[in-house]
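Number of protein chains: 4
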Amino acid sequence: MLDTADTTSAQPTARAGSSRAGAANMERILDAALALFARYGLRGTRVEQIAAAAGLSKTNLLYYVGSKDALYRAVLSRTLMMWLAPLRELDAAVDPEQALSDYIIRKLEASRDHPDASRLWAMEIMQGAQLVSTILETELAELVTRTVAVLERWMDQGALVRMEPRHLLFMIWATTQHYADFAVQIRTLTGSGLDDEAFFAQSCEAVTGTILRGVLMRSPG
Amino acid sequence: MLDTADTTSAQPTARAGSSRAGAANMERILDAALALFARYGLRGTRVEQIAAAAGLSKTNLLYYVGSKDALYRAVLSRTLMMWLAPLRELDAAVDPEQALSDYIIRKLEASRDHPDASRLWAMEIMQGAQLVSTILETELAELVTRTVAVLERWMDQGALVRMEPRHLLFMIWATTQHYADFAVQIRTLTGSGLDDEAFFAQSCEAVTGTILRGVLMRSPG
Amino acid sequence: MLDTADTTSAQPTARAGSSRAGAANMERILDAALALFARYGLRGTRVEQIAAAAGLSKTNLLYYVGSKDALYRAVLSRTLMMWLAPLRELDAAVDPEQALSDYIIRKLEASRDHPDASRLWAMEIMQGAQLVSTILETELAELVTRTVAVLERWMDQGALVRMEPRHLLFMIWATTQHYADFAVQIRTLTGSGLDDEAFFAQSCEAVTGTILRGVLMRSPG
Amino acid sequence: MLDTADTTSAQPTARAGSSRAGAANMERILDAALALFARYGLRGTRVEQIAAAAGLSKTNLLYYVGSKDALYRAVLSRTLMMWLAPLRELDAAVDPEQALSDYIIRKLEASRDHPDASRLWAMEIMQGAQLVSTILETELAELVTRTVAVLERWMDQGALVRMEPRHLLFMIWATTQHYADFAVQIRTLTGSGLDDEAFFAQSCEAVTGTILRGVLMRSPG
DNA sequence: TATGAATGAGACTTCATTCAT
DNA sequence: TATGAATGAAGTCTCATTCAT
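Protein chains in written order, with the numbering used here: chain A, 1 to 221; chain B, 1001 to 1221; chain C, 2001 to 2221; chain D, 3001 to 3221.
This is the structure in structure tokens:
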């Protein structure tokens, strides 16, 4: 059963999952759960659905995960890691153009590779961030503070347009995640999505180009 | 009971609610439902919750709306109107700087004044746009086609940076709606939200500034 | 409101229905209710259905009839009269062949003209005769006793085959009412019903012929 | 859960109930349901009632049968088999007197042993045969066609009085089923029922005697 | 008379979870 | 581990009836 206390552990301590087969099952469960929770929400997803998607019986699924809520928390904590990773990797050492460009691309790649994670995160925040509020207040806040310092340094150096740095972060998050969260809408309006290579490149170009032009003091070379 | 066929009518024809008291109740119901659906989703919201929030008995609520699903559809159709309105008003006659700036501000005002509507729309899209797919494919697509033409004309005139115009729309939507959809996260990280006048101004400035710099050929005056 | 105590009164004392329009409404209500109760049963019929069929609002219908149960009882008591009438008219003075023949024809006419009444009666009996048990035990029992005496006299006279006379009554009831109660089945198997003149004649002939041959000492002339 | 598609299967395929205990439960459920549906109708019977009668919890009952409607259909399909069986066994090889006599007795035995089935069938037909119309049109119609051929042959041979053979079938059905369907009325008027051995014999004698005398060319030996 | 509004007592059904094997 | 059986707590919706006008 999942350790229901530690919300942040990506690899939840499980009474199940210690064996080879068990671990594999656990993976399948988490994958299936992510896909379904991201689509139907916590309440909207039925345990039986997840079990079917993971190829287990409902009872057996619960044997592994303890409860629906615990599973949701486990999925969420895994998602969190994915969500925070790109920001952690923002490189303060390189020049801002390169750093921001890399960051935006990594975020778009995340949107392309883990759209469900992005959507789950979005739904969780929109619904009040009940379960992740702690993470927001600690890990994320801290990470943001650090990033803000970097951005401000760049502004002080005259490399970036002067603005509240957090808004810049919000804009990057918003634009990049939009391609995952609103994928259905985008597909309806363009006929394509990030999984299409050309479309990915085009989106990358549009987002990076516009934002960099918008915040760099000199147009990007 | 709601007219469940016409999903697009903002003022759902009600079997009940034709009288004075009925109409007032209907308003209260739609308001309460929007707030709750946006927060807890369709499945996560209980009819009784909505009834309580609207000051009616559960039974009486159902007398007006017929069913939870029908109510959801009614709320959604109302939300849709709010969501599409700003884009409809985009003025092709004025110069692009003014037009885009106005549009962004209107979108931010919408995020400030109707954050629930924005969130409901977002959730609906993220969950596959089951109910609004028709609207996406017809009304929205048409509106976008028209707007794209305007943007392309501006690009042809050398006023805007050349890019796929749809990405510009996506960026505007993403950045402006982000302030409503991720309000909790933003509040955690900044301590404020769009309801704060100064913060609204600051956000406006940041978003409009960055985007306009990012897409106008000459820096905005 | 109907007098809910007196189950047998065909013209229930109503607080409504004293005026011209009221009486007309009451008729329409009873007709509509009979048709629906006969088809869907007491529980299976909704007050609103009856109201719609009678051209009144649900509330107004209840104003007239007091309650669904009271209406059901009123309809039933009316039905009862129809059901008992033919037996009351069985003429002990004429010869048995004529008397039985007439009775069977009257029963078949009743099945043709008031199939709903027959069905309602049948359903009521099948469901335990909760409401009509009193009538069964008093009026019907008495009527049957009288008829049995007549039949026995005819047997004593050697006009009829000797048998328990009640079974003869049951057979007549069963065969004649069958054409109303199982009309759907009959129509499926023959393509016709008692409303068709030829079919009515044919049914009459078959039933009277068989029963009379079955119970008269000498073949009917 | 019941296979709700195949209305005709007497042994409804159940998602649940494959094990020993499950099958036994299923039997108890169907029995209880038949008794109650026959008495109170579909709408008039509460799931909880059936569950109690079967010795299960309401939830567990639904675990087996899926829904009230599905249960009703299952009961009905079982009833159908009972109803059609006697006619299937009508033996064209023996002489008409014997064959008809046997058939009538079998039908009376069915009325004695499965009165609920008879009543349920009757109610279903009276209410329009919504669910069994297909069976009426196919299986029953076919069976009747075959039987009609047999009866006509007998008429051609001069063994039976010439008449539309279907009316003879109707009369047999009507008179025999009457003892089940109108049992309450019969008991009120005679103090007895088919479960009483003497009464059964008497009824048998009366019905067979009358009908055979009514349709055979020579009085039965 | 007539009707829109309102309600409470059900009734069906869903679903996460537990039990027993 | 794995699963069929069982359950209780909820949740939606129906419907006869009453209220107020």
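From the three backbone atoms N, C-alpha and C, an ideal C-beta is built for every residue, glycine too.
Just so we're clear, the structure is a prediction, and the values are computed from it rather than from any experiment.
Between the segment 3134 to 3144 of chain D and the segment 3078 to 3085 of chain D there are three or more inter-stretch CB-CB distances shorter than 8 Å, so the stretches are counted as touching.
A direct Cα-Cα distance of roughly 5 Å separates R3028/D from A3054/D.
Beta-bridge partners of L1194/B (DSSP): none assigned.
Listed as beta-bridge partners of L1216/B by DSSP are L1160/B.
For A2183/C, the secondary structure class from DSSP, reduced to helix, strand or coil, is helix. Within the same chain, S3101, I3104 come within 6 Å of T3208/D by CB-CB distance, once the 5 residues on both sides are set aside. Residue-level contact by beta carbon fails for F3037/D and chain C, as no gap is shorter than 8 Å.
Of all alpha-carbon atoms in L1194/B, L1076/B, G1044/B, the one lying nearest the alpha-carbon of D1031/B is that of L1076/B. Each residue's CA atom was taken as its position, placing A129/A and Q1185/B some 8 Å apart. At a Cβ-Cβ threshold of 8 Å, L1131/B and A1038/B do not count as neighbours.
It is roughly 6 Å from the alpha-carbon of P2086/C to the alpha-carbon of R2106/C. Following the DSSP letters along the chain, one finds V75/A inside the alpha helix (DSSP H) bounded by residues 68 to 88. In the structure shown, G41/A adopts helical secondary structure according to DSSP, grouped into three states. By the neighbour-count criterion, in which a residue is buried when 16 or more other Cβ atoms sit within 10 angstroms of its Cβ, G3191/D is exposed. Not a single C-beta of chain C is nearer than 8 Å to the C-beta of V3150/D.
R1213/B sits buried, since 16 or more C-beta atoms from the chains shown fall within 10 Å of its C-beta. The Cβ of A3141/D sits closer than 8 Å to at least one Cβ of chain C. Short of 8 Å from the beta carbon of L1108/B, and not among the five residues preceding or following it, lie these beta carbons of its own chain, in chain order: T1176, Y1179, L1194, F1200, S1203, C1204, V1207.
Within the segment 3175 to 3196 of chain D, T3175, Q3177, H3178, Y3179, D3181, F3182, V3184, Q3185, I3186, T3188, L3189, T3190 place their CB atoms closer than 8 Å to a CB of chain C, listed in sequence order. Between the alpha carbons of L1042/B and L3062/D lies a distance of about 25 Å. With 16 or more other Cβ atoms from the protein chains shown falling within 10 Å of its own Cβ, T2188/C counts as buried. Not one beta carbon of chain A lies nearer than 8 Å to the beta carbon of E1097/B.
Close CB contacts of R162/A within its chain, under the 7 Å cut and outside five residues either way in sequence, are with M155 (chain order).
A Cβ-Cβ separation of about 5 Å places L71/A in contact with A33/A under the 8 Å criterion. For V1047/B, the uninterrupted alpha helix (DSSP H) segment begins and ends at 1047 to 1054. Straight through space, the alpha carbons of K2058/C and L3168/D are spaced by roughly 45 Å. Neighbours of T2134/C across chain D, judged by C-beta separation under 8 Å, do not exist; the nearest C-beta is about 10 Å away.
Taking 8 Å as the cut-off, the Cβ atoms of A1092/B and A174/A do not count as close. Counted as a single uninterrupted DSSP element, the alpha helix (DSSP H) harbouring A122/A occupies residues 115 to 126. It is roughly 9 Å from the alpha-carbon of L3160/D to the alpha-carbon of R3218/D. Minimum Cα-Cα distance from N3025/D among the listed residues V3065/D, R3046/D, T3045/D corresponds to V3065/D. Taking each of V215/A, E197/A, I172/A, A183/A in turn and checking the Cα distance to L90/A, the smallest one comes out for I172/A. Here M3126/D is near A2122/C, since their CB atoms are less than 8 Å apart. It is roughly 49 Å from the alpha-carbon of E3139/D to the alpha-carbon of K68/A.
Leaving aside the five residues that flank N2060/C on each side, none in its chain has a CB nearer than 6 Å to its CB.
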